[in-house]
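Here's the structure we're looking at; comments come further down.
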């Protein structure tokens, strides 16, 4: 149980384009979803937290106009990197958590999206 | 000082060894403790989830929490090359709205 699916797994695109990444909870209702960024050999860096039906809460230093997050249903959240540039190239990982909005349940992660901007 | 400290390693052990991975933390309010395994270019996978102090065993894995020392451990018995990965500890507390704080991760190599 607790399967989180993330697509695409790898995307290469030209500078200036926008890229959408999907995160789905397949067998549970994800009241809260998280988006992380991870650089090589470094730990997870939380970008934003979103509760279903609410606006996302962004961590300090994360541009909300650059990284658009939508959590419109209990099984789907999307991250759109707008006008992507080479410095946005990274490994993006989503996670999902069930239960109440502030829940002690653990997060379950997708397999990540490798984004390369040329 | 970071809330959660974890030695990044790398830790290299021979196949069959018992592996001990550890984290220390500073916030005594942490109640829920997790261990995740992350293979290269994959998302973290939840291995163990424990509440408060004590031990929890699942197959070759044992999670141990010592709240008095603010110290948690993950033991892997009969380690296999397939256990080679990065292991992240994580913890949360009611007082923090259950925001999960992750350690930096320890890279483990199990040599055949």
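Residue numbers (this note's numbering), protein chains in the order written: chain L, 1 to 118; chain R, 1001 to 1112. Virtual Cβ for every residue (Gly too), placed ideally from N, Cα, C.
Short CB-CB distance (under 7 Å) between residue i and chain R
i, result
"residue 106 of chain L", "yes"
"residue 111 of chain L", "yes"
"residue 12 of chain L", "no"
"residue 77 of chain L", "no"
"residue 21 of chain L", "no"
"residue 116 of chain L", "no"
"residue 69 of chain L", "no"
"residue 102 of chain L", "yes"
Residue-level contact to chain L via CB, residue i, 7 Å cutoff
i, result
"residue 1096 of chain R", "no"
"residue 1105 of chain R", "yes"
"residue 1102 of chain R", "yes"
"residue 1009 of chain R", "no"
"residue 1125 of chain R", "Past the edges of chain R, shown from 1001 to 1112, lies residue 1125 of chain R, and the structure says nothing about it."
"residue 1087 of chain R", "no"
"residue 1032 of chain R", "yes"
Which residues DSSP lists as bridging residue i, in chain order
i, result
"residue 1058 of chain R", "R/1061"
"residue 1091 of chain R", "R/1033 and R/1101"
"residue 1048 of chain R", "R/1035"
"residue 1041 of chain R", "Answer is none; residue 1041 of chain R lacks a bridge partner."
"residue 1012 of chain R", "R/1109"
"residue 1022 of chain R", "R/1073"
Residue i beta carbon near the ligand GTP (any heavy atom closer than 6 Å)
i, result
"residue 109 of chain L", "Ligands are entirely absent from the displayed structure, and the ligand GTP is therefore not among its contents."
Distance between beta carbons of residue j and residue i, contact taken as under 8 Å
i, j, result
"residue 118 of chain L", "residue 50 of chain L", "With 8 Å as the limit, residue 118 of chain L and residue 50 of chain L do not qualify as a contact, their Cβ atoms being about 29 Å apart."
"residue 59 of chain L", "residue 73 of chain L", "Rounded, the Cβ-Cβ distance is 23 Å, inconsistent with contact."
"residue 1013 of chain R", "residue 1079 of chain R", "6 Å"
Residues of the region 1046-1068 of chain R whose Cβ lies closer than 9 Å to any Cβ of chain L, in chain order: Listed in sequence order: 1046, 1049 and 1051.
Near-chain R residues of the region 29-63 of chain L - C-beta to any C-beta below 7 Å: 43 and 44
Inter-stretch contact (C-beta, 8 Å, three-pair minimum) for the region 80-90 of chain L and the region 17-28 of chain L: yes
Proximal residues, the region 1035-1046 of chain R versus chain L, C-beta separation under 9 Å: 1036, 1038, 1041, 1042, 1043, 1044, 1045 and 1046
At least three beta-carbon pairs within less than 8 Å, the region 98-106 of chain L to the region 34-46 of chain L: no
Stretch pair the region 1002-1014 of chain R + the region 1053-1062 of chain R: three plus CB contacts closer than 8 Å: They do not touch, by the three-pair rule.
Sufficient close CB pairs (3 or more, under 8 Å) joining the region 1019-1028 of chain R to the region 1088-1107 of chain R: yes
contact_flag[the region 1080-1088 of chain R, the region 1027-1038 of chain R] where n(CB pairs < 8 Å) is 3 or more: yes
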